[in-house]
Structures are given as C-alpha cells and as structure tokens.
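My numbering runs 2 ahead of the 1-based position in the sequence shown. A short write-up of the structure that comes next.
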Amino acid sequence: MERIGFIGLGAMGKPMTRNLMKAGYPVNVLTRTRSKIEDLLADGAVWCNTPKEIAQKSDVVITMLPDTPDVEQVFGGKDGVFDGARPGMLLIDMSTVSPIAVRKLACDAKARGCDFLDAPVSGGDIGAQNGTLSIMAGGGKSAFQRAMPVFQAMGKTILLIGDSGAGQITKAANQILTSITTEAVAEALVFATKAGVDPAKVRQALMGGSASSRILETHGKKMIERNFKPGFRMRLHRKDLNITLDAGKAYGAALPVTAQVRELMTETINDGQGDMDNSSFLLLLEKLSNLPGTRS
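Here it is, written out as structure tokens:
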C-alpha cells in the first residue's frame, strides 16, 4: 500500500488519519500540536518534523489545513512539501481554500512531475469520524483513480467534478447553501418563538414538508436543544464565505444573499460566538428580536 503523509490533524484531519490507518495504510503525520495526536503515534503513525520530511517519506501527501495561506506555506514555503517532492508523487489538498490558489499549486506540482488534486470535503467532524465524508475532487482522471482507494477509506460520496479547482468551486457552492440555509432555519425558529408558537413543534411539522432539509434536521435540533458545541465553528464558516465571495468577484458571479449572511456571521463573531457551532446564528437573531433570557 502507498505510504500516506498527512499534514493537519485537527478536528477533521485526525479522524480522517485514523480511518486511513484502519484501512491499513502506513501514515506519516505532522500537525501543529503533537500532544493532541499521541494516541495515533502510539498506534503506529510516524511523526515527521517538516512538510519536506513528510514528502520525502511518503508516496501520497494529504493536507487538511485551516486557510489558503496555510496551504500555500506548507507546500511552497521553506522546508515545504515541494522541497521534498519527487516525480510521480500524488499531492492532495483536502482543505477548503481558494480555487485560484489551488490551480496555481497544481501548476507548481506539475512542474515538479507530481499530480495534484484539490479534494475538499463535506460532512463535518461526524462524517470524518464515521468515514462517510462527501469528497469533491478537481484534477486529472488518472490522479483521481489513483487516489480513489485512499478516498474510500475516508468518504462515501466521492466524485471527480472537473479539472483543478473544480473541487473547491463545488465546496464553495456547498458553503453558500449551508450558510444561507442555517441562517434561514434560525430565522424561522425565532419567528415562531416571537409569535408564541413552540419552535420544536414547528420544526417537527416542517420536517414533513417541502421545507425539510438536512440543515433543518441537524442544525434545527441543535438550536432547539441550545447545543452550540462546535461541529463547524462560525469563524471557519465565515472564512469559507470570504473565499467564496472572493472567487465570486473574480469570476463575476453575483452572490448578494451570501454577502448578507457573511455580514451576519461577522456580527455573531463580534458577539463572542466565533468558536461556537454555526447554528449559533440563533443567538444573534434572538438578540436582534429582543428575546430576553434566551442566550447561552
């Protein structure tokens, strides 16, 4: 089996790495805080000190990092992946980053004789833990076919969308839908509460009709239970919308509602909700609606 190098073992990357190990892959790892992955190291993952070392000891390198500058630094910075890469390697970025940036990285990888895929994911930390992520890839067909067994250890719905950058464009579309829908669910529940109707029963009724959605099911439940423990942090979702709006501007796509939701996200972050789950839209809307004693 190919040797996998995995860089970025946070809330998503760590369980993804765990699933690769369960599938039998030898895994080299690097993350910001070593103490948080001591259990993986005890189970056979091999620590490396730099992205360059990861590349030197691996056949396939996967990154799962917070933002575009992090990915660019890990690949192209001093002692980065490109410094240790050799012809024939497969490089995969599974972060949510700029499609413009990944297209450049793909060109840089090609110049070194390496294949590059952008393969962002959807499904959250639960999907990462269960190995049921949706993986949307951009890049060449042969690189995708080579990556498929690796992807199958981490995901369930796996599609090659198109050439480099297509995976990130698809993820941006996903973030448009999830952000707007999450805010809409919060609006609907606050509206019901202000009108004196039980929001839990409203949600139950809506789940049986045309307004039903996975967001209403999962995030609506979190809102009813007032459980804002982060699955996907508000500040990270806003980061994704920043990427989406920048790409929309570059490609000339009008995204007016996405822009409005991004501004509401900024308000939630200014209110101290940046590290809460994105379902905490509810708290901001309660505040704007003068619902007393409901914040938590």
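Even for Gly, the Cβ is constructed at its ideal location relative to N, Cα and C.
If you draw a straight line from the Cα of D165 to the Cα of L43, it comes to about 35 Å.
With 16 or more neighbouring CB atoms inside 10 Å of its own CB, D242 falls in the buried class.
Taking all protein chains in view, the Cβ of K251 is surrounded by fewer than 16 other Cβ atoms within 10 Å, so the residue is classified as exposed. Leaving aside the five residues that flank I245 on each side, the residues in its chain whose CB is nearer than 6 Å to its CB run, in chain order, S100.
Where D117 is concerned, the enclosing beta strand (DSSP E) starts and stops at 117–120.
In the structure shown, N272 adopts helical secondary structure according to DSSP, grouped into three states. A contact is defined here as three or more CB-CB pairs under 8 Å, and the region 224–236 meets this definition with respect to the region 267–283.
Judged by DSSP secondary structure, I137 falls within the beta strand (DSSP E) whose first and last residues are 135–140.
At the C-beta level, M236 and A130 stay beyond 8 Å of one another. Linking R114 to T33 through their CA atoms gives a straight-line distance of about 25 Å.
Leaving aside the five residues that flank F146 on each side, the residues in its chain whose CB is nearer than 7 Å to its CB run, in chain order, L119, A139, L162. Exposure of K38 is indicated by the presence of fewer than 16 other C-beta atoms within 10 angstroms of its C-beta. Cα atoms of R216 and E55: separation of roughly 41 Å, rounded to the nearest angstrom.
Within a 10 Å sphere around the beta-carbon of N21 sit 16 or more other beta-carbons, which makes this residue buried. Around the beta carbon of E227, a 10 Å sphere encloses fewer than 16 other beta carbons of the protein chains shown; the residue is thus reported as exposed.
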